[in-house]
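Start counting the sequence shown at 5; every next residue gets the next number (our numbering). Heads up, the beta-carbon is just placed ideally off N, CA and C, and yes, glycines get one too.
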Amino acid sequence: MEQRELGDSGLEVSSVALGSWLTYSGGIGREQTEACTRAAFDAGITLFDTANVYGTGAAETAWGEILRDYPRDAYVLATKVYFPMGPRDRGLSRTQILKQIDGSLARLQTDFVDLYQCHRYDDTVPLEETMGALTEVVEAGKARFIGFSEWPADRIEAALALPGVAKFVSSQPQYSALWRRPEAEVIPVCEANGISQIVWSPLAQGVLTGKYLPGHKVPADSRAANKTMNRFIQQWLDDATLTAVQALRPIADQAGVKLSQLALAWVLHQRNVTSVIVGATRPEQVHENAAAADVRLTPDTLAAIDEVLRTAAVS
5 MEQRELGDSG LEVSSVALGS WLTYSGGIGR EQTEACTRAA FDAGITLFDT ANVYGTGAAE
65 TAWGEILRDY PRDAYVLATK VYFPMGPRDR GLSRTQILKQ IDGSLARLQT DFVDLYQCHR
125 YDDTVPLEET MGALTEVVEA GKARFIGFSE WPADRIEAAL ALPGVAKFVS SQPQYSALWR
185 RPEAEVIPVC EANGISQIVW SPLAQGVLTG KYLPGHKVPA DSRAANKTMN RFIQQWLDDA
245 TLTAVQALRP IADQAGVKLS QLALAWVLHQ RNVTSVIVGA TRPEQVHENA AAADVRLTPD
305 TLAAIDEVLR TAAVS
C-alpha cells in the first residue's frame with residue numbers, strides 16, 4: 005500500500021487507516037475486532053486510529069491486547085483526548101492532558117503513541133495551556149507528534165503562532181465527496197503550514213457504499229439500523245442524497261471499481277490528504293476498502309463525481 009508523509013513530520017503512514025470509533029468501542033465483539041485488525045496488517049495498513057472516549061477506553065484496551073503481538077515499529081498508533089472519560093474528566097487542560105495520555109498508554113500497552121490528537125477544540129481552557137501540555141507530552145516521549153480534529157481555522161493559526169510549543173502535523177476532519185466544508189478554510193491553512201489531513205467518515209457513514217437505496221428501508225444489518233452506531237448517518241438518508249449516490253454507479257463501473265472504492269479514491273485524490281480512516285466489522289470489508297489505495301482516477305472521472313453530487317454535497 006502507498007505510504008504518505010504525515011504533514012512535514014517525516015512520519016510515513018498508509019494512505020488507508022483503520023479506525024475504531026463505531027466498531028471496536030462496542031459495536032462489534034472482540035473476535036471480530038481482532039480479525040479486522042489482522043486483516044488490516046495483511047492489507048498493508050500501518051495507521052491505526054482510536055481515542056480514549058471510544059467505548060470509554062474499550063477500543064484502546066482491545067487494541068492494546070491485539071497490537072502487542074506485533075513489533076511496535078510495524079504500525080503507527082494514533083489516539084485522542086478531549087471528550088468525557090468521567091464526571092470530572094474531560095477537556096484539554098494541562099491536568100487532563102497529562103492524566104489522559106497516561107490512561108491511554110496503559111490501555112494501549114505501549115510507552116508512546118505516534119500521534120496524539122485533540123479530539124475537538126476546548127474553548128474553556130487557554131490555548132497556551134493546552135499547547136504547553138501537549139508539548140510536555142512530546143518532550144516526555146509519550147507522543148511523537150501532535151494533531152487535532154475539527155478545529156476551526158483561526159484556532160489552528162493561533163496555535164501555530166505560539167512560540168516554543170510542539171507543532172501540529174495533522175488534522176482529522178470529516179471529509180468526503182458529500183461533505184466538503186474543510187476545503188474552504190481548514191485545508192488551505194493546513195496546506196500552508198505543513199499539516200495534512202487524516203480524514204474521518206470518507207464514506208459519509210457508509211452512505212457512499214451505495215447500500216442505502218432511495219425509497220427503501222435501511223438494511224437490518226446495517227449501521228443505519230444499529231441504534232448504537234447510527235447517530236451521524238441520519239443526515240445522509242434523504243431520498244435526494246441517496247438518488248445522487250446511486251447515480252455514481254455507472255462511474256464506478258466504468259472505472260472498474262466498487263462504489264465504496266470510488267468514494268475513498270476520490271478523497272485520496274484531493275489535495276493535502278494523507279490518509280482516509282475506514283471502519284470495518286468484517287475482514288473482507290478491510291480488504292475491499294484497502295484496495296482503494298491503488299485506484300487511480302482520471303481528471304474526467306473526478307469531475308464526473310463532482311457533477312453528480314453537485315446538489316447533494318455540503319460545502
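- Exposed is the label assigned to ASP106, since fewer than 16 other Cβ atoms lie within 10 Å of its Cβ.
- For SER200 and GLN7, the gap between their C-alpha atoms comes out near 13 angstroms.
- Just so you know, the alpha carbons of VAL20 and ALA267 end up roughly 13 angstroms apart.
- Cβ-Cβ distances below 8 angstroms link PRO88 to VAL57 and ARG94 in the same chain, with the five nearest sequence neighbours on each side left out; the list follows chain order.
- ALA21: member of the beta strand (DSSP E) spanning 20-23, first to last residue.
- Listed in chain order, the non-local C-beta contacts of PHE149 below 6 angstroms within the same chain comprise SER13, LEU119 and VAL173, local neighbours out to five positions each way being set aside.
- Per DSSP, the unbroken beta strand (DSSP E) holding ARG8 starts and ends at 7-9.
- Of the other Cβ atoms in all chains shown, 16 or more fall within 10 Å of the Cβ of THR134; this residue is therefore buried.
- For LEU182, the secondary structure class from DSSP, reduced to helix, strand or coil, is coil.
- Counting C-beta atoms within 10 angstroms of its own C-beta, ARG314 has fewer than 16 neighbours from the protein chains shown and is therefore classed as exposed.
- The shortest CA-to-CA distance from ALA256 to any of THR285, LEU212, THR245 and GLN289 is the one to LEU212.
- At a Cβ-Cβ threshold of 8 angstroms, ALA163 and LEU207 do not count as neighbours.
- Short of 6 angstroms from the beta carbon of GLY68, and not among the five residues preceding or following it, lie these beta carbons of its own chain, in chain order: ARG111, LEU112 and GLN113.
- Residue VAL318 holds the alpha-carbon nearest to the alpha-carbon of ALA244 among SER279, VAL318, GLY260 and SER180.
- Exclusion of the five residues before and after ASP53 leaves ALA21, GLY23, ALA82 and ILE281 as the residues of its chain whose Cβ lies within less than 6 angstroms of its Cβ.
- With a cutoff of 8 angstroms on beta-carbon distance, SER264 and LEU51 are scored as not near each other.
- Taking C-beta separations shorter than 7 angstroms and ignoring five residues to either side along the sequence, the partners of ASN197 in its chain run LEU164, following chain order.
- Within 10 angstroms of the beta-carbon of TYR74 lie fewer than 16 other beta-carbons, which makes it exposed.
- Taken through DSSP and simplified to helix, strand or coil, TRP155 comes out as coil.
- In the three-state DSSP reduction, GLN274 falls in the coil class, being neither helix nor strand.
- Beta-bridge annotation (DSSP): LEU81 is paired with PHE52.
- Put simply, the segment 177-197 does not touch the segment 137-147. Fewer than three CB pairs are less than 8 angstroms apart.
- If you look at PHE172, you'll find it in the beta strand (DSSP E) that goes 172-175.
- Per the coordinates, the alpha-carbon of THR305 lies some 27 angstroms from the alpha-carbon of LEU10.
- Uninterrupted alpha helix (DSSP H) stretches at least 4 residues long and entirely within the segment 71-147 occur at 98-112 and 131-143, given in chain order.
- For GLN201, no alpha helix (DSSP H) run applies; the uninterrupted beta strand (DSSP E) run containing it begins and ends at 200-203, by DSSP.
- In the three-state scheme derived from DSSP, where H, G and I count as helix and E and B as strand, VAL211 is classed as helix.
- In this chain, VAL261 is not harboured by any alpha helix (DSSP H), its DSSP state being neither H nor E.
- Look at ILE281 here: in three-state DSSP terms it is strand.
- Counting along the chain, no alpha helix (DSSP H) covers ILE32, and no H or E run does either.
- Nearest neighbour of ARG159 by Cα position, chosen from VAL142, GLU140, GLU189 and GLY168, turns out to be GLU189.
- Between VAL203 and VAL261 the beta-carbon gap is near 18 angstroms, outside 8 angstroms, which marks them as no contact.
- In this structure, ALA39 lies near PRO287, with their beta-carbon atoms less than 8 angstroms apart.
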